[in-house]
Amino acid sequence: MSQATDQQIIEILKMEAIPALGCTEPVACALACARCKEELGNIPEQIEVFVSGNIYKNGMGVGIPGTGMVGLPIAAALGAVCGKTEYGLEVLKEVSAGNNLQVAKSLLEKGAVKIHLKTDAPDKLYAEAVCRKGGDTVKTVIVHGHTNIVLVEKNGNAVFRKENTSAGADENERAELSIARIWEFIHNVEISKIDFLLEGAEMNKAISKEGVNGEYGLQIGRTLQENIRKGVLADDLLSRALILATAASDARMDGCEKPVMTNSGSGNQGITVYLPVVAAAERFGASREQLVRALALSNLVAAHIHYYMGHLSALCGVMIASTGAASAITYLMGGDYDQLVNTIKTMTSNLTGMMCDGAKQGCALKVYSGTSAAVQAALLSTKGIKTRNDGIVEEDIEKTVRNIGKIGSVGMEQTDRTILDIMCHKD
18 MSQATDQQII EILKMEAIPA LGCTEPVACA LACARCKEEL GNIPEQIEVF VSGNIYKNGM
78 GVGIPGTGMV GLPIAAALGA VCGKTEYGLE VLKEVSAGNN LQVAKSLLEK GAVKIHLKTD
138 APDKLYAEAV CRKGGDTVKT VIVHGHTNIV LVEKNGNAVF RKENTSAGAD ENERAELSIA
198 RIWEFIHNVE ISKIDFLLEG AEMNKAISKE GVNGEYGLQI GRTLQENIRK GVLADDLLSR
258 ALILATAASD ARMDGCEKPV MTNSGSGNQG ITVYLPVVAA AERFGASREQ LVRALALSNL
318 VAAHIHYYMG HLSALCGVMI ASTGAASAIT YLMGGDYDQL VNTIKTMTSN LTGMMCDGAK
378 QGCALKVYSG TSAAVQAALL STKGIKTRND GIVEEDIEKT VRNIGKIGSV GMEQTDRTIL
438 DIMCHKD
């Protein structure tokens, strides 16, 4: 198999580095509704949204920016009221303008918004909006990717149809990527071609600062910071990494109106691939160039593992994102390729199997666990300590990566169904 070229890898990085305002599953619903509104030419009178189980799961309990509310209904209503598809994953950034929120709430009060679980959805990432105004009906379908609109119909006639419904880089480009190729790339690529990643670092640092200063979610980052000031916790690499990452997740999951740079379509995963790496770079006094190369490594390792799992599953994506962060911290500590491989294997032994039971405030706890494990794995591997090739860990790192994907995409299918069943039948 041929290897991915530098330009192909750069394109993968660019596709991963997408800003998002709010949790991306409700955002996908909002985007579908926004597209319907644009075709109708006005705010719809009736809104129905049909979603896959994974979008339903990730939309039930997560805060929607600027609303003080949670869930898919308010996200869908806002998409139909003030959403603009040109904003992509930031479709809801005008939520606070004028009386948009009040209009959206009035739709909910009238019972005009209905959310349905589509049990036969063709993909784990699927959102279909059907909006009506007067005698007109518009349907918009998003599949495979959070912004991947594949069909728009008005009164039964297709006004837009995407023949190739894939949502990412060419599948061959992804398949031709490998841990070894990523390692080679980040050492040799011209820094000017990837320094756009610094935008993501600054964006995610900004929401982290908001999380420390405000009383968001579980206040994990804020609490850690307070205990450093009290002398209870050390102001070391682990603490700084945990504060940066968890404070950002606290804010994001509680509806903060600041965007996050994503990875693999997820804000929490974006937070996790960027901020522990930023903390390590600051602690070690890394140069700007070293930070950029480390961020590229973190993003690419996470994206590479995700290729084998898909965007949504019962396996928490923070585990994969934190493996990217661990890889980058290993690099910043002067680790070589063998130590990078050992870091990934250690992360595989530690966190594989951590389940996703929906997007919510508690995701910050998993960001904490992933970040802590990332620092631990880097410290162990750079000391020459490695896990044995047992369990799902194999000698070949690419086989190990594929095993993670297999656990998430095949092995936890029943887990996913069970989680959704529990969530749908709670008192």
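When you number the sequence shown by our numbering, it's gap-free, plus one each residue, and the end is 444. Every residue, glycine too, gets a C-beta built ideally from N, C-alpha and C.
Keeping to the same chain, check which residues put their C-beta closer than 8 Å to that of residue i; ignore five residues upstream and five downstream.
| i | result |
| --- | --- |
| Ile166 | Leu48, Ala49, Arg52, Thr102, Thr157, Val158, Ile159, Phe177 and Lys179 |
| Asn59 | Lys150 |
| Glu193 | Met18, Ser19, Gln20, Ala21 and Gln25 |
| Ala268 | Ile224, Ser225, Glu227, Gly228, Gly231, Tyr233, Gly234 and Lys275 |
| Met372 | Ala331, Leu332, Cys333, Met429, Thr432 and Ile436 |
| Asn117 | Leu95, Val98, Cys99 and Glu111 |
Within the same chain, show all residues whose beta-carbon is closer than 7 Å to that of residue i, passing over the 5 residues directly before and after it, in chain order.
| i | result |
| --- | --- |
| Ile322 | Ile337, Thr340, Val418, Ile421 and Gly422 |
| Ser42 | With the sequence shown as reference, residue 42 is identified as Glu, and Ser is not the correct amino acid for it. Closer than 7 Å at the Cβ level, and outside the excluded window around Glu42, lie Ile72, Asn75, Gly76 and Ala376. |
| Ile91 | Ile81, Thr84, Ala121 and Leu125 |
| Val384 | Ala262, Thr263, Ser266, Asn285, Ile288, Thr289 and Val335 |
| Leu57 | Cys148, Lys150, Asp153 and Val155 |
| Glu55 | Thr102 |
| Phe202 | Asp23 and Ile26 |
Assuming residue i and residue j make a contact with CB atoms under 8 Å, what is their CB distance in whole Å?
| i | j | result |
| --- | --- | --- |
| Ala93 | Ile132 | 7 Å |
| Ala264 | Val229 | 5 Å |
| Gly387 | Leu368 | 6 Å |
| His161 | Gly282 | Actually they do not touch by this definition, with Cβ atoms about 10 Å apart. |
| Ile199 | Leu317 | 5 Å |
| Ala97 | Cys46 | Contact doesn't hold; Cβ gap of about 10 Å is too wide. |
| Gly29 | Lys210 | Correcting the residue identity first, residue 29 is Ile in this sequence and not Gly. Wrong, their Cβ atoms sit about 13 Å apart, outside the cutoff. |
| Pro61 | Met220 | Pro61 to Met220, Cβ: 32 Å. No contact. |
| Ser398 | Thr347 | 6 Å |
If the criterion is Cβ atoms closer than 8 Å, does the pair residue i and residue j meet it?
| i | j | result |
| --- | --- | --- |
| Ala319 | Ala311 | no |
| Leu214 | Ala345 | no |
| Gly2 | Gln286 | Because the chain is modelled from 18 through 444, residue 2 falls outside the range shown and cannot be assessed. |
| Val44 | Leu134 | no |
| Val410 | Lys443 | no |
| Val112 | Gly152 | no |
| Ile436 | Asp355 | no |
| Val358 | Ile414 | yes |
| Ser366 | Met429 | no |
| His328 | Leu142 | yes |
| Leu255 | Ala303 | no |
| Gln63 | Ala146 | no |
| Val68 | Leu89 | yes |
| Met270 | Ala381 | yes |
| Asp23 | Val249 | no |
| Gly100 | Val87 | no |
In this structure, what does DSSP give as the bridge partners for residue i?
| i | result |
| --- | --- |
| Ala37 | Val277 |
| Glu170 | Lys156 and Ala175 |
| Tyr143 | Val160 |
Counting only the same chain and skipping the five closest in sequence on each side, list residues whose C-beta sits under 6 Å from that of residue i.
| i | result |
| --- | --- |
| Ala343 | Thr360, Met364, Ala391, Ala394 and Ala395 |
| Leu168 | Val158 and Arg178 |
| Ile260 | Gly238, Leu241 and Gln242 |
| Gly217 | Ala34, Met278 and Tyr291 |
| Val295 | Ala218 |
| Met326 | Gly422, Gly425 and Ser426 |
Does at least one heavy atom of the ligand MG sit under 7 Å from the Cβ of residue i?
| i | result |
| --- | --- |
| Ser386 | Here there are no bound small molecules, and the ligand MG is not part of this structure. |
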